[in-house]
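Residue numbers (the numbering used here), protein chains in the order written: chain E, 47 to 280; chain A, 63 to 508. We treat Cβ as the ideally placed atom computed from N, Cα and C, and that holds for glycine. Predicted model, so just to flag it, every value in this text is computed and none were measured. Below is one structure, written out as structure tokens; comments come after it.
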Amino acid sequence: MIETFRQVLEQSVARLSAQATQFLPPLFVAIVVFGVAWLVALLVRWLLLHAFKGERFDAFLRKTGIGAMLDHSGRLRASPLLAHGIYYAILLTGLLNAISVFETDITREIVDGVVHLLPKLFAAAAIIVAGIWLAQYLGRGALLWASNEGFSWARRFCAFVRVVVVFVSIVVAADVLNFARTVFFSAFLIFTIGAVFAACLVLALNHREVYRWFAGARRPGSEQEDERSLWQHL
Amino acid sequence: MVQDILPPEARQAVEKLRRADIVIGIPSYNNGRTIGHVVRAAQAGLNKYFPEFQGVIINSDGGSRDDTRKQVLEAQLDPSQLLLLSTPLNPVHRLSFPYHGIPGKGSAFRMIFQMAHDLGAKACAVVDSDLRSITPEWFDLLLRPVLHRGYDFVAPYYHRHKYDGTITNSIIYPLTRSLYGHRIRQPIGGDFGMSLPVIETYLKRTDWETDVARYGIDIWMTTIAVASGYKVCQSFLGAKLHDAKDPGADLSAMLQQVVGSVFSLMIEFRDVWMRVQGSRDIELFGFRYDVGLDPIAVNLDRMIQAFIRGESDLREIWSMALSDRTLRELAALAQSARPAPADQFRLPDELWVNVIHEFASAFAELPAARSHLVRSLTPLYLGRVASFVNETRDMNASEVEDRIEQLCLAFERLKPFLVERWGGPRVDEFPPQPAAAPGRTQEVTS
Numbered sequence: 047m048i049e050t051f052r053q054v055l056e057q058s059v060a061r062l063s064a065q066a067t068q069f070l071p072p073l074f075v076a077i078v079v080f081g082v083a084w085l086v087a088l089l090v091r092w093l094l095l096h097a098f099k100g101e102r103f104d105a106f107l108r109k110t111g112i113g114a115m116l117d118h119s120g121r122l123r124a125s126p127l128l129a130h131g132i133y134y135a136i137l138l139t140g141l142l143n144a145i146s147v148f149e150t151d152i153t154r155e156i157v158d159g160v161v162h163l164l165p166k167l168f169a170a171a172a173i174i175v176a177g178i179w180l181a182q183y184l185g186r187g188a189l190l191w192a193s194n195e196g197f198s199w200a201r202r203f204c205a206f207v208r209v210v211v212v213f214v215s216i217v218v219a220a221d222v223l224n225f226a227r228t229v230f231f232s233a234f235l236i237f238t239i240g241a242v243f244a245a246c247l248v249l250a251l252n253h254r255e256v257y258r259w260f261a262g263a264r265r266p267g268s269e270q271e272d273e274r275s276l277w278q279h280l
Numbered sequence: 063m064v065q066d067i068l069p070p071e072a073r074q075a076v077e078k079l080r081r082a083d084i085v086i087g088i089p090s091y092n093n094g095r096t097i098g099h100v101v102r103a104a105q106a107g108l109n110k111y112f113p114e115f116q117g118v119i120i121n122s123d124g125g126s127r128d129d130t131r132k133q134v135l136e137a138q139l140d141p142s143q144l145l146l147l148s149t150p151l152n153p154v155h156r157l158s159f160p161y162h163g164i165p166g167k168g169s170a171f172r173m174i175f176q177m178a179h180d181l182g183a184k185a186c187a188v189v190d191s192d193l194r195s196i197t198p199e200w201f202d203l204l205l206r207p208v209l210h211r212g213y214d215f216v217a218p219y220y221h222r223h224k225y226d227g228t229i230t231n232s233i234i235y236p237l238t239r240s241l242y243g244h245r246i247r248q249p250i251g252g253d254f255g256m257s258l259p260v261i262e263t264y265l266k267r268t269d270w271e272t273d274v275a276r277y278g279i280d281i282w283m284t285t286i287a288v289a290s291g292y293k294v295c296q297s298f299l300g301a302k303l304h305d306a307k308d309p310g311a312d313l314s315a316m317l318q319q320v321v322g323s324v325f326s327l328m329i330e331f332r333d334v335w336m337r338v339q340g341s342r343d344i345e346l347f348g349f350r351y352d353v354g355l356d357p358i359a360v361n362l363d364r365m366i367q368a369f370i371r372g373e374s375d376l377r378e379i380w381s382m383a384l385s386d387r388t389l390r391e392l393a394a395l396a397q398s399a400r401p402a403p404a405d406q407f408r409l410p411d412e413l414w415v416n417v418i419h420e421f422a423s424a425f426a427e428l429p430a431a432r433s434h435l436v437r438s439l440t441p442l443y444l445g446r447v448a449s450f451v452n453e454t455r456d457m458n459a460s461e462v463e464d465r466i467e468q469l470c471l472a473f474e475r476l477k478p479f480l481v482e483r484w485g486g487p488r489v490d491e492f493p494p495q496p497a498a499a500p501g502r503t504q505e506v507t508s
């Protein structure tokens with residue numbers, strides 16, 4: 047009994063020892079690799095924060111409105127953005143290298159998955175950012191049009207335009223990522239058909255008012271009888 | 063290098079005529095009702111005041127669906143009614159062609175300028191085709207300073223109803239005056255005289271396909287003439303009475319084109335206007351007299367409601383241009399305007415100047431948002447007009463001019479802040495300005 051117990055214990059210790067001798071060196075190497083990557087990332091971030099001014103990129107962010115969109119205070123600057131971006135990119139590279147040291151099936155799958163997914167993730171992120179920017183731009187255009195036309199629902203219309211554009215960008219991004227493709231596409235179809243149906247219903251139920259507004263807005267002398275000629279503004 | 067944009071039929075006409083001393087240009091679009099009168103006035107003006115010159119009247123039409131072009135070509139004038147002292151040596155040619163390109167007054171002018179240039183005209187005048195108050199004397203007053211006094215650009219000076227020309231009175235005149243230092247009272251008047259060198263300068267430019275093609279053309283012409291250092295004067299033309307027909311554009315688009323052109327030119331001529339301080343009178347030709355003017359109805363409530371609605375709806379867009387302080391003041395104004403009677407509404411000069419200056423700065427700073435920024439000015443402009451109407455309700459023409467002068471002085475006084483915002487010297491580095499003389503133009507008879 048004691049002998050058997052001793053044998054089991056010895057086998058366990060041998061197995062553990064074998065596993066330790068097999069995995070500890072790679073683990074140590076992985077920690078070293080990740081640690082080096084972390085140090086390099088810290089160094090590069092520090093250098094970029096202190097050496098890179100990125101005035102042109104700052105101007106681009108400011109002029110296109112992307113800076114204000116990403117950071118409402120409007121204080122978003124190129125150098126911290128770039129420095130943090132590169133910092134995390136180096137960390138991720140270090141992590142992947144560290145994982146690949148183990149050379150197991152699982153680690154190989156993880157590394158392959160991340161390498162294949164990364165471009166798609168970047169593309170999806172770019173689509174979302176572009177979608178938000180476009181939603182903001184088109185929403186503002188819609189807001190201006192509706193407000194200058196005197197509609198009381200100008201802000202709601204602006205919000206609707208934004209939601210639609212952001213939703214479209216999410217659908218496209220999901221398609222790129224191959225993530226719940228059918229669900230998003232179905233939701234988009236239902237939403238679009240619903241919106242068109244609602245608009246048709248509103249037009250059908252209020253066609254006289256819509257016609258009156260359309261005719262009044264374009265023909266002088268109806269509701270604008272007491273308003274002066276546009277020439278007289280110049 | 064001047065690019066040739068003439069349509070084939072216009073090119074043929076130029077080759078047939080070969081040369082002309084004076085070109086009178088009339089842009090049109092569905093102006094069949096009024097253009098005949100304008101053409102006859104031009105013809106009479108050329109016969110009466112410039113009998114020794116070879117004159118051509120060119121109608122540049124934007125594809126009218128009425129009989130505008132027919133009216134131009136068939137406009138008849140009985141010379142015996144003019145009581146001419148000398149017989150004209152040359153017949154006045156009348157031409158009418160459709161222009162190509164973006165539909166708008168600017169594109170029409172481009173074709174006229176190209177023809178004037180190719181004909182080697184010594185002077186060119188352009189007038190609107192819907193004018194009811196135009197007389198042959200207008201052409202004498204627009205052309206003679208160029209032909210006989212060596213001026214390059216003649217701007218109009220009219221008597222207008224106090225509620226007429228509100229974009230001019232509230233934005234364009236005070237702003238261009240403070241920027242470039244010339245007191246040109248009607249910088250977007252629409253009727254101008256100019257010399258060949260100015261026309262060449264216009265034709266060499268590459269921004270014809272922008273807002274300049276539409277309503278931006280008038281301020282573009284005036285600003286370029288002034289900022290390029292050409293010799294500029296004004297001529298008193300009497301009253302300006304238009305046909306009551308509205309153009310196809312809405313107020314917001316019109317404001318965008320005019321104000322957008324001013325702001326764009328501010329970017330281009332930054333080095334010119336940042337050096338200018340104060341303003342000076344420029345010579346005014348013509349004999350000034352008072353005239354009766356058509357009354358103009360204004361809907362005060364609608365304008366104030368547009369301002370209040372704009373303040374609540376467009377804050378997001380305004381915040382891209384306006385400082386927190388200006389936004390707070392506008393919010394307080396809208397808040398107080400809601401319960402108060404419409405005739406008590408006031409938008410103070412200083413606040414208005416800050417609004418315009420801050421929008422101009424944002425226009426330069428945020429190219430992607432330019433169109434939105436300028437379109438969002440509409441409710442602010444309507445608020446300012448409502449305030450102006452309230453302030454001048456019981457004023458006569460002279461008092462109204464004094465009121466506009468106060469606004470101009472506010473623009474000049476606050477210009478150092480604009481210069482600082484555009485990267486110029488700090489406000490405290492500016493030398494103290496001498497007290498500005500009242501902005502009345504001097505009267506000089508021709």
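- In the DSSP assignment, Tyr443(A) falls within the unbroken alpha helix (DSSP H) covering Thr440 to Thr454.
- About 11 Å separates the beta carbon of Leu280(E) from that of Ile279(A), a gap too long to meet the 8 Å contact definition.
- Of all residues in the stretch 349-379 of chain A, only Ile358, Ala359, Val360, Asn361, Arg364, Gln367, Ala368, Arg371, Gly372, Ser374, Asp375, Leu376, Glu378 and Ile379 place a beta-carbon less than 9 Å from a beta-carbon of chain E.
- Just measuring C-alpha positions, the residue of Arg247(A), Val447(A), Val320(A) and Gly94(A) sitting nearest Val274(A) is Val320(A).
- For Gly251(A), same chain residues with a beta-carbon under 6 Å away, outside a window of 5 residues either side, are Pro218 in chain order.
- Taking the Cα of Thr440(A) as reference, the smallest distance to any Cα among Gly322(A), His304(A) and Arg342(A) is reached at Gly322(A).
- With contacts defined by Cβ atoms closer than 7 Å, Cys204(E) and Ala188(E) form a contacting pair.
- Close partners of Gly187(E) in chain A (Cβ separation under 9 Å): Ser433, His434 and Arg437.
- Taken atom to atom, the span from the alpha-carbon of Pro70(A) to that of Pro160(A) is near 11 Å.
- Listed along the chain, the chain A residues whose CB falls inside 9 Å of the CB of Thr153(E) amount to none; the nearest CB is some 45 Å away.
- Residue environment analysis places Lys99(E) among the exposed positions, since fewer than 16 neighbouring C-beta atoms fall within 10 angstroms of its C-beta.
- Cys470(A) is positioned such that its CB atom lies no closer than 7 Å to that of Arg194(A).
- Within 9 Å of the CB of Ala144(E), no CB atom of chain A is found; the nearest one sits about 42 Å away.
- In the structure shown, His155(A) falls within a strand segment according to DSSP collapsed to helix, strand and coil.
- In terms of CA proximity to Arg127(A), Gly94(A) leads the group Leu204(A), Glu373(A) and Gly94(A).
- It is roughly 50 Å from the alpha-carbon of Gly291(A) to the alpha-carbon of Leu93(E).
- For Phe421(A), DSSP assigns no beta-bridge partner whatsoever.
- Fewer than three beta-carbon pairs drawn from the stretch 204-214 of chain A and the stretch 441-448 of chain A are found closer than 8 Å, and the two stretches are therefore not classed as touching.
- Across the stretch 93-125 of chain A, no CB contact with chain E closer than 7 Å is found for any residue.
- When 8 Å is used as the limit between beta carbons, Ala430(A) is near these residues of chain E: Lys109, Thr110, Gly111 and Tyr183, in chain order.
- Leaving aside the five residues that flank Asp221(E) on each side, the residues in its chain whose CB is nearer than 8 Å to its CB run, in chain order, Arg227, Phe230 and Phe231.
- Think of a sphere of 8 Å around the beta carbon of Ser314(A): the chain E residues whose beta carbon falls inside it are Leu190 and Asn194, in chain order.
- Non-local C-beta neighbours of Phe421(A) in its own chain, meaning closer than 7 Å and more than five positions away in sequence, comprise Ala383, Leu435 and Leu439, ordered along the chain.
- For Ile466(A), the enclosing alpha helix (DSSP H) begins and ends at Ala459 to Arg475.
- In this structure, the beta-carbon distance from Val101(A) to His221(A) does not fall below 7 Å.
- The Cβ of Ile196(A) sits no closer than 7 Å to any Cβ of chain E.
- Using a Cβ distance threshold of 7 Å, Val86(E) and Ile136(E) count as a contacting pair.
- Each of Met177(A), Asp190(A) and Leu108(A) was checked against the Cα of Val154(A), and the nearest Cα belongs to Leu108(A).
- Judged by DSSP in its simplified three-state form, Met256(A) adopts strand.
- Below the 8 Å Cβ cutoff, chain A contributes Arg371 and Asp375 as neighbours of Ala200(E), in chain order.
- The three-state secondary structure of Ile84(A), taken from DSSP, is strand.
- At a cut-off of 7 Å, the C-beta of Thr440(A) has a neighbouring C-beta in chain E.
- Taken through DSSP and simplified to helix, strand or coil, Arg488(A) comes out as coil.
- Between His244(A) and Val216(A), the gap from beta carbon to beta carbon reaches 7 Å or more.
- Using a Cβ-Cβ distance cut-off of 8 Å, the stretch 366-382 of chain A and the stretch 457-470 of chain A are not in contact, since fewer than three pairs of beta carbons, one from each stretch, lie closer than that value.
- Out of Asn152(A), Ser90(A) and Gln138(A), the CA that lies nearest to the CA of Asp129(A) is found in Ser90(A).
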